[in-house]
Every structure is written in C-alpha cells, then in structure tokens.
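Keeping their order, the protein sequence lines are chains H and S.
With positions in the first sequence counted from 1, the corresponding number in this note's numbering is that position plus 19.
With positions in the second sequence counted from 1, the corresponding number in this note's numbering is that position plus 70.
As structure tokens, the structure follows; a few thoughts come after it.
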Amino acid sequence: MATEAEVEAEIEVEKEKPKTDIEGNTRNLMQSIKGKVEGSCLEKVEEKEVDIIPEALVIGGGIAGMYASLDIADAGFKVHVVERSATIGGHMAQLDKTFPTLDCSACILTPRMVDVSKHGNINLMSYSEVVGVEGSVGNFKVKVKRKPRYVIEELCNGCSLCEQACRFAYKFPNEFDENLGKRGSIYRPFPQAIPAVYCVDPVRCQMVKKGKCGKATIENVRAYLKEGKEDVEVPPCVAICGPKCIDFDMEEKIEEYNVGAIIVATGYDIIEPELMPEYKYGVLPNVITGLEFERYSNASGPTFGKIIVKGVDRLPKDAVFISCVGSRNKQTGFEYCSRVCCMYLAKHAHLLGEKVPDCKVTVLYQDVRAFGKGFEEFYDRVKGEGVNYRRGLASEIYQKPGSDRVVVRGEDTMLGEPFELEADIVVLGVGLKPSAGTAELLKMLGIEETTDHFAKEAHLKLRPVDTDIEGIFVTGCVQAPRDIPDSVAQGKAAAAASLALLAGGKVKIRTPVEEIDEELCLGCKSLREMADKMGA
Amino acid sequence: MAEEEYDYTKVPMTGSVEGIAKDAPEDSPRIGVYVCHCGINIKMTIDVPDLVKYAATLPNVALAQHYIFTCSDPGQNLIKADLAAGRVNRVIVAACSPRMHEPTFRGTCVSEGLNPFFFEMANIREHCSWPHGDFPKEATQKAKDLLRSAVARSALLELIEEKKVDVTPETLVIGSGVTGLYAALDIANSGYKVHLVEKNPSIGGHVAQLDRVFPKLDKATSILTPRMIDVGAHPNIDLMAYSEVENIEGYVGNYKATVKRKSRYVNEKCTGCGACEVACPVKDVPSEFDEGLSARTAVYLPFPNAVPPIYTVDPENCLLFKEGKCGDATLDAVKEGKAVPPCMAACKPNAIDFGMTEQQEELDVGTIIVATGYDIIDPTVSPEYKYGVYPNVITGLEFERLSAASGPTGGKIEINGKEPENVVFISCVGSRNKQTGYEHCSRVCCMYLAKQAHMVKEKLPDAKVTVCYQDVRAFGKGDEEFYGNIKIEGVGYRRGLPAEIYQKPGSDKVVVRAEDTLLGEPYEIEADLVVLGVGMKPNERVWDIVNMLKLSQSVDGFLMEAHPKLRPVDTATDGVFIAGCAASPKDIPDSIAQGKAAAAGSLVYLVQGTATIEPAISQINEEVCIGCGSCAEVCPYGALTLDEVSLVMTVNEAMCKGCGGCNAVCPSGAATMKHFRDRQIYSQIDALLQRAVPVEFVDLGGVEAAAPEEPAAPAETAETEGVEAEPVAAE
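Written as structure tokens, this is what we have:
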C-alpha cells in the first residue's frame, strides 16, 4: 500500500514525463463507446433487392470510353455511348505517333472505332450530351440531348461533295487540327470520323442561323426536298447531295434511357498555355503547344506532316521543348503533375529529329518522368539520337531583334549558369486538365471533385474507378491524367466493375425514409428537393 | 499506258468495269475487285482507274470497281449489292493493310452469306502508295503486281468454317497480391467461380508488408485486410493458399490446371490461437514477412492478419523433419500416434496432423489470369552500396517492416539499437542501370522513398533526411503535391546518385559519397541509416508459369502483353491474361486497375459462354501422314499429337496458332496450313514474277549508284508491259 508521500512522488515523476495525453485519449474512447452503446438502439432497416437493368451508359467516346463499352458489349450487354462531338476517338485521333512504340495513333485507334460503330450491342449516340440523370444503382434514368446535325445519319454516305461545294468551304478554323487547318460550315472532323457522316456547324451555317444562304431560302430547300421542286434556288450542299440527306429542319431531341450502370469517361483538355504569359504563346507565332505539334507532325494534318509552323513558314533549324507548362505550378493553379508530358516531349523530340535531321533539338526539363514499360529505354534512345536534355525550365521567351527567330532564356541548373537558346520553334509541354463541362456533369451525377478538379474516386489506392455513388464509375483522364495503356486498363476496369453489377442481375438497396416526424418538421422542403434528385 | 497525265483531283468518286469472267458459270470463282481511293491516300499516287481497268483483265475477275472510302457504309454496300445479286462470289479489296480492315470486310461478306475466308485484301496503301509516294508510275505498276498476286490467290481460296468452343464458366487466378485479389473479387461478384492459387501460406502479397501507402498515407493493412477477408469468405472464390500450379494444358475456354496443395501439417480445425508457436522449440528462423529482420518459429503464421488464419509447419526448419525428432518424439512415432511433440501437446483443437500429405487437384477453367507480382531487385547487384556488409544499409522493403507497427521494432525506426540522426535514401538501386542488367525504371521507388522520408520525419522529427535522386518521378494523382509537401517538411533532395558507401573509421556510422550535380561538386554525408530504393523484377516463380502457358517476355523480362498500348492485359494466347507487376512495375491503383481489366477480359468469355478459335491453322492429311512426329517436335504450342490408333498426327485446333512450323518440316507434305496452302502461296509468287521485263532502276539520289547489271532475260517468254496483258491462263 503506497504512502501518501510515495504517491506524491509518483505524481511528480509523472508530471515530468513527456505528455502523451493518455488521459485525454482514454476519455475520448469512453465517450465514443458510450455513444455507440446509446446508438445501438437501432431499428431494423429493410433492404430491398431490385433488378438491375442489364444496360450501361458510357459518357465519352475517347479511348477509355470505347474500351469500356467494347468489353461490356462483348459480354452481351447493351451499351449506350454518348459522345459530345461529332465523332468518337477523342484526343487520341489527333495524335501522330504514340510513345514508346511509335505506332501510328489513328492506325491502332480506327479499327476499334469501327468495332464500336458496328457492334450489335452498342448504341452510339454521337453529337449528343447527357442533360439529366436520376435514380440509383441498377435503375438510372438518363436524359440525352441529341443535337441536330442537320444531316440524316442513316442516309449520308460520306461522299464529301457537300464539304467541297459549301460556299464557305475551308474558311473556318478546324478544331480537330487545333485551329491550324480549315473547314467549312458542313464538315466532318477528320476523314476517318465515326460515324462517317457529315455535320453542319450551327454557328457557322447561314441557312441554320438566318434561314438563307446566298439566294437560297429555307422554304426553297423544303420545296426542293419534300415536294421535289427542281427549279428553286437551293444552297450548293443540298444541290450536290446525292442521297438528299441534308435537312435544315432537324431539331434537338431529348431521349430517355434506363440503364443499370453509368461510366464517366469524359477525358481531358490541355491546360491553356496563356496561363504562363512569359512563354508568349499567341504573341509569337514560333511558340506552339504539344497538341499543335502533333497536328503538324501528322501526315494527315494541315501541313501533311511537314514541320512548317504557321508564321515561321520554314523547316526549323533549332527547336526547344519546354516541360511542365501549366503543371507542377502553384501560380497557374495546377499543382499536380500531368504524367504524360515528359514522354510526349521525348517522342516529339524524336519525331522532329527524324523529319528534320539537321534540326538541333533541346528539351528543358525539371525531372524526366519516364516511368512506364519501355519508357526509360525510349528516353535513352532519344538522348542517343542527339537530343540535348538541359535541366531547368525557361523563364522567358522573347523575339530576337531584327529576326523572326525567338530566344529562350533559362538557367541550366546542372551547369549552374543561365543560358539563351535561339530557336525557330518552341514547343510547350502543356499539361492536362478535365475537359470543359466536367464540373457540371459531375455535379449532375452527384460525384465530387478532388482538389485538383478531377473526378473523385471512391478510394485513391483501392477503388480507382468506383465513385461514392454506387453504380457510377469514372475512368480515364476524367479521374487523373494518364497515358493510353493506363487509360485502356482503366476503361476495362470500369467495364469489369459494371459487369459485376450487370451480370449479378440484382442489387440490394435501402428503402427510403418513410416516416416523417410531424412535430419536428419545419416544412422547408429540402427533403423534397433531395428526393426529386434521387428520383424517389 | 494512258497517254494523258494522271490528275488525281479529277478521279470520279466511283466507277465500275466488267471483268472477263463476268459470264463464268456459277460454281467457278467470280472475283469482285474493289479498289479504294482511301480519300487521297491511295489515289494521290496510284492511277486508280487504270488499276481498275487492269483488274478487269485478270483471270476469274467478274467485275472491278473503285470507290472513295470502301470501308464506309456506302462503300461496303457496293460489295453487298454485288454479292446479293450473285455477280461475284469472291471479294478482293485493294486498299489498306489487312490489320486495319480485314475484320471489317470479312464482316461485310458474312452479312451477305459469303464465307469470310473467300475474302482477300491487297495492301496498296502501306505497301505501295505510302512508301512510294514520289514515284507514281512505278507505284501504279507495283499496285498492279500486288493485285495480280491477290487475284491468283483468290481463285484458290477455300471455304473454312469458324469453330466455336464452349467456355468453362470458371477462372484461375494465379497470385493473390492486391492485383489477384481484385481480379478475383470482380469475377466472383459477377457470379462466376474463381480458383485463387497462392504459393505462400497467406494471401495479400507485398502490400501486406507495407506500413503506409503514398500519397494519402493510409495504413496498408487497414485497406488490404478487409479485401483479404472478403476473398476468404466469398462463396464464389475457392481460395487455394500454400499451393502452386504445376501444370496447365488446354486452350481458351478449356484449360486444365494441376495444382499442388502443399501440406501445412495443420488442418482446418486450427483457431489461430498461437499456442503451438509458443511451444515450438525452434525460434530462430528468419521471418520472410519481416524481410529477415525478425525470427519466427517452425510452426508459424506469416503475419497476424493472415488469411486463411491457419498455422503452417515449415518442413525445412521443423525438427521432426530436419532431424527426425523433436524433443523425445520421433517423426514416425508421432505419425503412429505414439508420441507428441510440444506443438501438438499445446494444441487444444488437435489441429496439427503430421500425417498430412501433399495433394493434387485438377481444375477445369475457362480463363487464366497471371498476377504473380514482383520480387525486389537484390541490392548486391550494386556492391558499392555495401548491402549485407554494413548493418546500416537496408532495402526499402526492410524499412517498411521497421516502420510498421506490426514489425520487429514495433514501428520504431532503429538501427544498431538506436534511433538514427542522419538518414540517407538512395534512388534507382538496380534500376535504370545497364550494368546491373535492369534497364527499366521501376516506377514506384521515387514515391516510396518520398513516403519513407516523410515517415522518418514524422517519427523522428529531429533527424536529418536526405534523398539522393536522378529524377523525381512523382506522376500519379496526389503524388506531386506529396513531394512538394515533404520538401517543405525539411527533407533534402540532392540530385546525383552516390558512388560508394564506406564505414566511418572508428564508428558504427557510414559515409555516403556522392556528387551533387546541381552544385557541381562532390560531397560526403555521414549516415546512421541508408535506405536503398531497390527496384522491381518479376517474381522468380513466374518462369514455370511462362513455360506452362508459352507466354512471351518483353525485353525487360516482364511478361509481354498482346499490344503495349491497346491490349495491356491480354496476351498472345486467347483466354490468358496478365495483370499487375507481373506485366511491369506499377503502384497499387494501377495494379488494381489492371486486375480489374483482366477480370473484364475474362468476363467477356465467361458471360458469353463460347469462344471462337482461329481457323487459319494446321491441317493434317491423314492419307499422306506417316506419323513420323517431326511436326510435333517443332510445334511450340504442343498442338500436335500422335493418334495411337490410326498412327497419324492430329491437330488440337484450339491450341494451334497457325505458325506454319509443321508445314515447313513435314517430309511427306501431310501438314498444310488452312488459308495458306502451298499452292496458294506459289500462285502468288508466280503471279508476282509474271511481269518479267527488266526493271528500270530509279535513281533515288543518295543511294550508291552501282551500275546495275542487265538482268538475264527470263527463260520463258511472258507478256510484256502490264496494261495490255493478254489473259494469262490460270495455274
């Protein structure tokens, strides 16, 4: 039995010991247990088993969305693919060659695009957008807006005569070529577009906007097409169209679909380089983005594969590639690494060296993130081909006085000295951000964003394609920047997750709240709002 | 030759010419030739109308057409219309590579009832208009040669039926790390049975050994063990731990696997109470789970959350096996029930059974997923780092065990019995290194070293932490932000890998000598603890699987996928998938995505219930075959076997991949390839050689202009210059 003095001494000793607040922790634990005991007066909650509609919706027809839809369709389930633009294929269709194998991007992509379009189980809705989602896992009600092409998809044979006949042929910038090429009011994004049919740009077509094109009026068109009147003045596209598939009276339609699972695969946009004004993108024509370089390098691009940059107008003798433009940068607001730029710049450096052997190529970098299968070996190869890697990003680009060349000023952190490199072209390694409209779509679906504004997955490590909403999955670059093999793996992963639901056939859901305590109810109607959203 | 200049901008979109065989009887070949412009890709170089006119003069050609985009719907409709009207019964499309659109056009033929193997493609784009864009005249001539060759072959094509096989609705997953677990769960949740084979006594793989995972610093076991338990309890998962696959035979949908169930000498009555462990006299076996940093007993559970939670007797260290007796009990006496070793004495449920023997189980499965994971690269490949010489130098995985609360030090980072004051982390040990033979980047080390640097700072706030690096590959979601934060926490990143580590004289510290490439000067740091960022290599046991399944390896030694961009989890063998670090180093989220991707691939087969097998394969003519077996000797797929009764060779049609080896060695000509018969190939060669005029040598400029010899005049007279060809008698 301890004496008081001994106890006192013990207390003194205890006071000297560094605090780990055992008391506080224990108190917290006791509170928590108490709470649980009280809360264990739980009521039985009924779980209901509902049938899962054996159909899936894939939002986005890029490479991830395509592979997700193909796997689900191959397994025998119907898939609705909704793609906002006039063609599927996404950004991968714009690329020239892919790292590290240097496969031609379109050559490996287009057979899969054809597969998607021909698959009996895939309902491809291009030029369409998802405008409403209700319901819960197994039973989602989706509203899809079918934007009017003003061309009847089933009749158009892709002959391209309308494109050539259009009064505004080759007058507008072509988005597919990053605005470096030209298209008209009636167009196809690229020749191998799927669906291989034409589309009228509602903003740039006189007939759609004003009801007349030259001397032709919309009434003339109706008379020509529907009544067979031959002697009216119609716009050249209608006149030359064999299958008579141009229909200016087409209207937007809203279609409803019921699906069991939804996969979001809406991909990326590049970070706008204007966020780093010191690089003078848009000011000096010598400065281009990585995606513009892809279009220059591509044999079906605006210069048929010759690296002749608009405004520079000659093959480059000196080229500088700058990494991390936009990314890894608290100032621009994109703190994250965009993952693919190190490799795509290495690929560009290689392609440039191949096409213009006399060109001196320098890559400015911070780290070279060549992490994937075959990447390190590719990086080694590129260095062996004479590409000069200098550590240290450029601080500014200015025009060389009295010349159309530019000067790139930076500090070489390995030599410990500043440098100035003259260049004919500068390629900015722009990073990736979620594609436009992603924030609104995620909100519509009830999915949160992570701090980097990409879609929030259920668990960063263990559930990279699930979200907090059962039955809705995210895949590809909407969740985080990634390259093609990782996007394909994710697309298939989302397919597996969907198949686990669809093949199971049934899912358990909790029945909604049925009782409302009238004494407490304020009548604020917020519950009604939530219920409406859930479709309850 | 057409006199006027070929102006490709004036070529009409479509056109048709009737061929010389248009009135041929119905049962003889009537070939339709469709020449594609491919937009401008072909017609820009090749005179398409000329080619069409030429095609119409070739033997057996009933008609020839050209169209702007033959693969488009209207283009295909041209072919379909001719088939439906009975105008043609063989189709040739002269366009792009068959790798592009052969499946498309085969589909077109099938939709009108024509067997797809009556379809042939002539590649006049990748093989003609694209490479010879500057030489249109010669390119057109070459296109005619290619077309003539295709026409000759087309007349000899045979009807081949595509066979379907049933798919057993079960999957075998080899390897139960995080990748295998997630693959198994997705398939099991879809309602199909999964056999999950794991060679170790417990599932979980390397993730179970980790302390915390980047970038969110979740505890590895907290996130992994719920999935391990799900797998252990799932009604659709047949968990075969402590087992190895010994043999695999078969083909897609029909694989037979023989699995060796190793003997634990402990049966399912085990409650995991641990009394045997306390009683066991052998207490000094280096623990594999703790990377040798602690010791375990001969009867052991690899780690507390092991699934299945059953003990295992290690026969290599158990005295009963090693020395024949443990204490007073001999092995024989124990088996006869006459004696009891300490472990059995302590075991209340009587779960220990030294009479257990290895079992073999045969499994029938439809698909296989190989998820065998990685081993770390042995750090002694870089001997300058003195791993194994100085106790201060440890690997990244050993650090995880030190840092983990369940590890040998209870989570305290200690070396030589005390907390380190200076810790140095070294990147790229083994990887990115031609000398060590591992040229590849191991992808996870930059981030795991960053995480471990952070853990040191968390547990030992006063320690000085330095990371020596080449590049910081912080590319994943949340990784860059994590890397930014730890630098603020005070972790020093110095660029330049160390050259050597030596012991500080008269001390138990070591000195790390390196060059800081940003400062441009060498330096030396004293360190109590050096952590080597070792890379990954394929798990060493995967080679047996590779041989059993005839899988290929990439140059870096990892398993090879069917296509590095678009088919990252498929292999060249239908129904066999690879996933996770067995295919290439990757972190946890990417491994899980690949595990799920492989599950999707499997589910396509399982849900459909059937698989089509490649029909262009070997065929044995039984009347000619003498049963010599030369073909079986060269067959890499084991597809040929001798039928004991008829004494001729037989082909397993699902295993044969159509490589042609048997055809090449067969002495009697019994083995031939369907769709690639000798006579078909010879007819193509003959057709190509028919243009036996001296070939003009074109000066390509830059190519050494050795004076070309006059080619000898061909012995047989053949027809002259291409266009005015008289119909050549069919072979």
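Even glycine gets a Cβ: it sits at the ideal position worked out from N, Cα and C.
Applying the criterion that 16 or more other CB atoms from any shown protein chain within 10 Å of the CB defines a buried residue, is residue i buried or exposed?
i	result
Tyr124 of chain S	buried
Gly204 of chain H	One point to set straight first is that residue 204 of chain H is Ser, not Gly, in the sequence displayed. Classification of Ser204 of chain H: buried, given that the 10 Å Cβ count is 16 or more.
Leu541 of chain H	exposed
Ala776 of chain S	In this predicted model, Ala776 of chain S has a pLDDT of only 49, less than 50, meaning its place in the structure is not dependable; the value taken from the coordinates is given anyway. So Ala776 of chain S ends up on the exposed side.
Tyr563 of chain H	Limits of chain H in this structure are 20 at one end and 555 at the other, which puts residue 563 of chain H out of reach.
Arg195 of chain S	buried
Lys224 of chain S	One detail in the question is off: residue 224 of chain S reads as Ser in this sequence, not Lys. Buried is the call here.
Ile683 of chain S	buried
Pro511 of chain H	The sequence as given places Lys at residue 511 of chain H; Pro does not occur at that position. The residue in question, Lys511 of chain H, is buried, as its Cβ has 16 or more Cβ neighbours within 10 Å.
Pro129 of chain S	buried
Pro372 of chain S	buried
Arg358 of chain H	buried
Val180 of chain S	exposed
Gly487 of chain S	exposed
Leu364 of chain H	buried
Ile503 of chain H	buried
Ser454 of chain H	buried
Would you say residue i faces chain S, with C-beta separation under 8 Å as the test?
i	result
Asp288 of chain H	no
Pro483 of chain H	yes
Thr556 of chain H	Outside the shown range of chain H (20 to 555) lies residue 556 of chain H, about which nothing can therefore be said.
Lys137 of chain H	yes
Tyr355 of chain H	yes
Thr120 of chain H	yes
Arg347 of chain H	yes
Using a Cβ cut-off of 8 Å (strictly closer), state whether residue i contacts chain H.
i	result
Asp152 of chain S	no
Ala785 of chain S	Confidence in Ala785 of chain S is poor, its pLDDT being 39 and thus under 50, which makes the residue's placement too unreliable to answer from.
Met170 of chain S	yes
Asp445 of chain S	no
Asn259 of chain S	yes
Lys521 of chain S	no
Gly109 of chain S	yes
Phe545 of chain S	yes
Glu509 of chain S	yes
Ile293 of chain S	yes
Excluding the 5 residues flanking residue i on each side, which residues of the same chain have their C-beta closer than 6 Å to its C-beta?
i	result
Val773 of chain S	Because the pLDDT of Val773 of chain S is 48, which lies under 50, any placement of that residue in the model is unreliable, and the question is left without a value.
Glu454 of chain S	Glu570
Ala757 of chain S	Arg218, Ser219, Ala222
Ser167 of chain S	Asn193, Glu196
Thr322 of chain H	Tyr315
Who are the near neighbours of residue i in its chain, counting only those whose CB is closer than 8 Å to its CB and skipping five residues on each side?
i	result
Lys656 of chain S	Arg513, Val514, Gly650, Gln664
Tyr444 of chain S	His276, Met606, Lys607, Pro608, Asn609, Cys651, Ala652, Pro655
Only counting the same chain, and skipping five residues up and downstream in sequence, which positions put a Cβ closer than 7 Å to that of residue i?
i	result
Thr178 of chain S	Gln146, Ile149, Lys150
Ser10 of chain H	The structure shown does not extend to residue 10 of chain H, since chain H spans only 20 to 555, so no value can be given for it.
Ala258 of chain S	Val264, His304, Asn306, Ile307
Since residue i and residue j should fall inside the 8 Å C-beta cutoff, what is the C-beta to C-beta distance between them, to a whole number of angstroms?
i	j	result
Thr450 of chain S	Asn375 of chain S	About 31 Å separates the two Cβ atoms, so there is no contact after all.
Pro685 of chain S	Ile230 of chain S	5 Å
Gly645 of chain S	Asp236 of chain S	Rounded, the Cβ-Cβ distance is 12 Å, inconsistent with contact.
Met269 of chain H	Val344 of chain H	Wrong, their Cβ atoms sit about 41 Å apart, outside the cutoff.
Ser414 of chain H	Arg428 of chain H	6 Å
Practice task
Report the residues of the stretch 242-276 of chain H with a CB closer than 8 Å to any CB of chain S, ordered along the chain.
Solution key: none
Problem - Where the stretch 386-415 of chain H meets chain S: residues whose CB sits under 9 Å from a CB there - result: Asp386, Val387, Arg388, Ala389, Phe390, Gly391, Lys392, Gly393, Phe394, Glu395, Glu396, Tyr398, Asp399, Arg410
Problem - chain S contacts made by the stretch 160-187 of chain H, where a contact means CB separation under 7 Å - result: Asn176, Gly177, Cys178
Practice task
Check distances from the C-beta atoms of the stretch 657-686 of chain S to those of chain H and list, in chain order, the residues that come in under 7 Å.
Solution key: Ile658, Pro659, Asp660, Ile662, Ala663, Gln664, Lys666, Ala667, Ala669, Ala670, Gly671, Leu673, Val674, Val677, Gln678
Practice task
Taking a Cβ distance cut-off of 7 Å, strictly less, list which residues of the stretch 91-108 of chain H are near chain S, in chain order.
Solution key: Asp93, Ala94, Gly95
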